[in-house]
Amino acid sequence: MSLPQATPDRRMAWVSAKELDWDGLYSDQLPRIYNYFRFRVGTDSDAEDLTARTFESAWRARERYRQDLAGFSTWLFTIAHNVAVDFLRSRRSQVSLDALEELAADGTPEEDAARDSDLRRLSVLAARLSEREQELIALKYGAELDNRRISTLMRLSESNVGTILHRAVQTLRSQW
Amino acid sequence: MNDDFLHHLRKAPRPAFAARLRAQLQQQSRIQPHRRAASRVRTFIVLLSLGGAAFAVTMAIRGVPAPILQLVHHAVSPVAPERAIASSPFRIGSQQASLAPAPSEQEGTSAAPLGVLASTPAQSGSIAPSAAEPALPTLPPEPGPPGPWQYFLRRDSAPLLRGWTHPGLPVGWQVQHGVLSKNGMVENLESTRKYRDFELQLEWNIGRGGDSGIFYRATHEYAQIYWTGPEYQLLDDYANVGIPRTEVAGSVFGVYAPPPELETPCCSWNSTRIIVRGNNVEYWLNGRQIVGYMLGSVEWVIRVRDSKFAPYPDYGRAPVGLIGLQGNNKGSLEIRNMRIRELP
Chain A
211 MSLPQATPDR RMAWVSAKEL DWDGLYSDQL PRIYNYFRFR VGTDSDAEDL
261 TARTFESAWR ARERYRQDLA GFSTWLFTIA HNVAVDFLRS RRSQVSLDAL
311 EELAADGTPE EDAARDSDLR RLSVLAARLS EREQELIALK YGAELDNRRI
361 STLMRLSESN VGTILHRAVQ TLRSQW
Chain B
74 MNDDFLHHLR KAPRPAFAAR LRAQLQQQSR IQPHRRAASR VRTFIVLLSL
124 GGAAFAVTMA IRGVPAPILQ LVHHAVSPVA PERAIASSPF RIGSQQASLA
174 PAPSEQEGTS AAPLGVLAST PAQSGSIAPS AAEPALPTLP PEPGPPGPWQ
224 YFLRRDSAPL LRGWTHPGLP VGWQVQHGVL SKNGMVENLE STRKYRDFEL
274 QLEWNIGRGG DSGIFYRATH EYAQIYWTGP EYQLLDDYAN VGIPRTEVAG
324 SVFGVYAPPP ELETPCCSWN STRIIVRGNN VEYWLNGRQI VGYMLGSVEW
374 VIRVRDSKFA PYPDYGRAPV GLIGLQGNNK GSLEIRNMRI RELP
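Heads up: the sequence lines are chains A and B, in that order.
Okay, so the first sequence: first residue is 211 according to the working numbering, each after it adds one.
Okay, so the second sequence: first residue is 74 according to the working numbering, each after it adds one.
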């Protein structure tokens, strides 16, 4: 299934914050945020929960969104990032890496789609990467953001983003 | 594994989930205005009740002013005002009370300070206790307005700041055109005097990768200022992705996090307000309150116990303490328009 590739930041450049097309933004950003979380946390149910949290936070704070400071998707991904960090911190204190591996190895039912199985395996391997590399993988392949947008979000240079991603994917490939 | 493989792992959210979330958000937007209105009404009722209670307590202790008594007795009793006041359980004084306005009203000045009713000598036409009867109990003067602003920075100096160990401004700090700045790791600063209840305002500009903070109610109990004084964290959040939310800009460092959507980048001016009154603390950032907490509350105790301040039992415990600025951390920092006023 192809997902929307719209770039609302550019489209909304002339629109004031109060006049944002929230309906359109929701449709544009939902798949990105959802897949960002799938890549970050590895399970669909958690991804749905965190996606809902992110949109609810953004919705509650929408009057404080200032377009002059950041594009909408940058703002939304900042909230998503903070939600993910909080979640991962709490999960890290509850679930060890070993337990995560067992979950992936034993808990893959046959009827699960191969894609979900692959994603879980990826999550286990990605857990061995640094926090920054995991974030970049999720932003690049989950949210499908380009390197320029990621560099803005992560405060890295565009070339640095490319280098780190290349290295991270190579590491994953070697362990796959 | 390649890019295509990784992209292929994406999938669309379940339509049921997308629809349910959309419905939830729409419902929130419908409910919110009603909630806001209801919340305003609730706030108004609570404030009204508190005001009424405070007024009743004040009246019970100090006695009811004659004009109010007169009005009440006019409304509920046909007896003459003079007799009504004389027989009132709220003893205003044995002298004849008249309906004449208080001296301050006569003179067209502002209302007399609280407590003046019982302590003012008897004057013709005024209500005052007689020499035969003991004076009514008086309250100590009630909190007045905040004290005057004290400015930490002048054009080329910082008269209210000094080094943590050295008098005067330590090497590495400088003031130019009213802007205090440092670059790299230098000695921490502290105020030249201690403050109990106060409102502190300042503007700050943290450099790329910078990390600093504002301390309050700090003491020299331990070697480091941050082991006693709670901190308002100043940070380039974008250069510190992935750190706990209790350590980002605007947090009570290590203890309380600001709202999740708050992200403060480097290299721009931000305004901060810290209000400390009793045990209540408020953090403000760019005109918005971002944190509110109570020192010594159960929640605070638990959070501190679970934080890196657990080994320091005097953390956040001093009722009076120094204001501090962190210098011994990385990056550059600029501070301007730093001022404080004491709260009654």
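C-beta: ideal position from N, C-alpha, C; glycine also.
Reduced DSSP secondary structure (H/G/I, E/B, other) of residue i
{"i": "R412/B", "result": "strand"}
{"i": "W381/B", "result": "Just to set this straight, residue 381/B is Lys in the shown sequence, not Trp. Reduced to three states, the DSSP call for K381/B is coil."}
{"i": "Y224/B", "result": "strand"}
{"i": "K418/B", "result": "Since the first and last residues shown for chain B are 74 and 417, residue 418/B lies out of range."}
{"i": "Q380/A", "result": "helix"}
{"i": "W357/B", "result": "strand"}
{"i": "K267/B", "result": "strand"}
{"i": "F326/B", "result": "coil"}
{"i": "E439/A", "result": "The first residue shown for chain A is 211 and the last is 386, placing residue 439/A beyond what the model contains."}
{"i": "Q239/A", "result": "helix"}
{"i": "W237/B", "result": "coil"}
{"i": "R359/A", "result": "helix"}
{"i": "T345/B", "result": "strand"}
{"i": "E343/A", "result": "helix"}
{"i": "I287/B", "result": "strand"}
{"i": "Q297/B", "result": "coil"}
{"i": "Q399/B", "result": "coil"}
{"i": "R350/B", "result": "strand"}
{"i": "N261/B", "result": "coil"}
{"i": "E276/B", "result": "strand"}
Residue j beta carbon less than 8 Å from that of residue i
{"i": "G245/B", "j": "E263/B", "result": "no"}
{"i": "D284/B", "j": "G404/B", "result": "yes"}
{"i": "L307/B", "j": "I279/B", "result": "yes"}
{"i": "T345/B", "j": "W277/B", "result": "yes"}
{"i": "F282/A", "j": "T261/A", "result": "no"}
{"i": "L273/B", "j": "I347/B", "result": "yes"}
{"i": "R235/B", "j": "T265/B", "result": "yes"}
{"i": "G351/B", "j": "D229/B", "result": "no"}
{"i": "V374/B", "j": "A383/B", "result": "no"}
{"i": "A294/A", "j": "E334/B", "result": "no"}
{"i": "R250/A", "j": "Q385/A", "result": "no"}
{"i": "Y351/A", "j": "H250/B", "result": "no"}
{"i": "R242/A", "j": "A348/A", "result": "no"}
{"i": "N370/A", "j": "R83/B", "result": "no"}
{"i": "L335/A", "j": "L382/A", "result": "yes"}
{"i": "G315/B", "j": "E368/A", "result": "no"}
{"i": "L395/B", "j": "G302/B", "result": "yes"}
Given residue i as reference, the closest of the options once Cα atoms are compared
{"i": "L416/B", "options": "V314/B, R361/B, G220/B, A312/B", "result": "G220/B"}
{"i": "T337/B", "options": "Q99/B, F326/B, Y329/B, L358/B", "result": "L358/B"}
{"i": "V379/A", "options": "R272/A, T264/A, L346/A, G252/A", "result": "L346/A"}
{"i": "G252/A", "options": "V293/A, L375/A, A337/A", "result": "A337/A"}
{"i": "A257/A", "options": "L235/A, H291/A, G234/A", "result": "H291/A"}
{"i": "P243/B", "options": "L398/B, R414/B, A85/B", "result": "L398/B"}
{"i": "N410/B", "options": "N75/B, Y224/B, R113/B", "result": "Y224/B"}
{"i": "T264/A", "options": "D254/A, L329/A, S255/A, I289/A", "result": "I289/A"}
{"i": "W222/B", "options": "G241/B, P240/B, Y268/B", "result": "Y268/B"}
{"i": "A322/B", "options": "G282/B, R113/B, P218/B, D379/B", "result": "G282/B"}
{"i": "S255/A", "options": "L121/B, F288/B, G124/B, A89/B", "result": "A89/B"}
{"i": "R414/B", "options": "L233/B, G360/B, L406/B", "result": "L233/B"}
{"i": "A391/B", "options": "S380/B, L121/B, D379/B, F288/B", "result": "F288/B"}
{"i": "R163/A", "options": "L339/A, R359/A, R358/A", "result": "Chain A is shown only over 211 to 386; residue 163/A falls outside these bounds and no answer can be derived."}
{"i": "G389/B", "options": "N401/B, M367/B, L406/B", "result": "M367/B"}
{"i": "I360/A", "options": "D231/A, L286/A, S300/A, W232/A", "result": "L286/A"}
Cβ-based burial, residue i [other Cβ within 10 Å; buried from 16]
{"i": "F128/B", "result": "exposed"}
{"i": "C340/B", "result": "exposed"}
{"i": "A77/B", "result": "Going by the sequence as given, residue 77/B is Asp instead of Ala. The residue in question, D77/B, is exposed, as its Cβ has fewer than 16 Cβ neighbours within 10 Å."}
{"i": "T238/B", "result": "exposed"}
{"i": "Q100/B", "result": "exposed"}
{"i": "L239/A", "result": "Residue 239/A is actually Gln in this sequence, not Leu. Buried, because 16 or more other Cβ atoms sit within 10 Å of the Cβ of Q239/A."}
{"i": "M364/A", "result": "buried"}
{"i": "R331/A", "result": "buried"}
{"i": "P331/B", "result": "buried"}
{"i": "M258/B", "result": "exposed"}
{"i": "G125/B", "result": "exposed"}
{"i": "P86/B", "result": "buried"}
{"i": "S333/A", "result": "buried"}
{"i": "L329/A", "result": "buried"}
{"i": "V248/B", "result": "buried"}
Inter-residue CB distance, residue i and residue j (contact presumed, cutoff 8 Å)
{"i": "T284/A", "j": "T373/A", "result": "22 Å between Cβ atoms; not a contact."}
{"i": "E294/B", "j": "D387/B", "result": "5 Å"}
{"i": "I118/B", "j": "L275/B", "result": "Actually they are not in contact, since the Cβ atoms of I118/B and L275/B sit about 37 Å apart, beyond 8 Å."}
{"i": "W300/B", "j": "Y356/B", "result": "The Cβ separation is near 20 Å, so there is no contact."}
Contact with chain C by residue i, beta-carbon distance below 8 Å
{"i": "P86/B", "result": "The structure shown contains no chain C; its protein chains are A and B."}
Check: residue i C-beta below 7 Å from any heavy atom of the ligand SAM
{"i": "A290/A", "result": "As presented, the structure is devoid of all ligands, the ligand SAM included, so that no description of it is given."}
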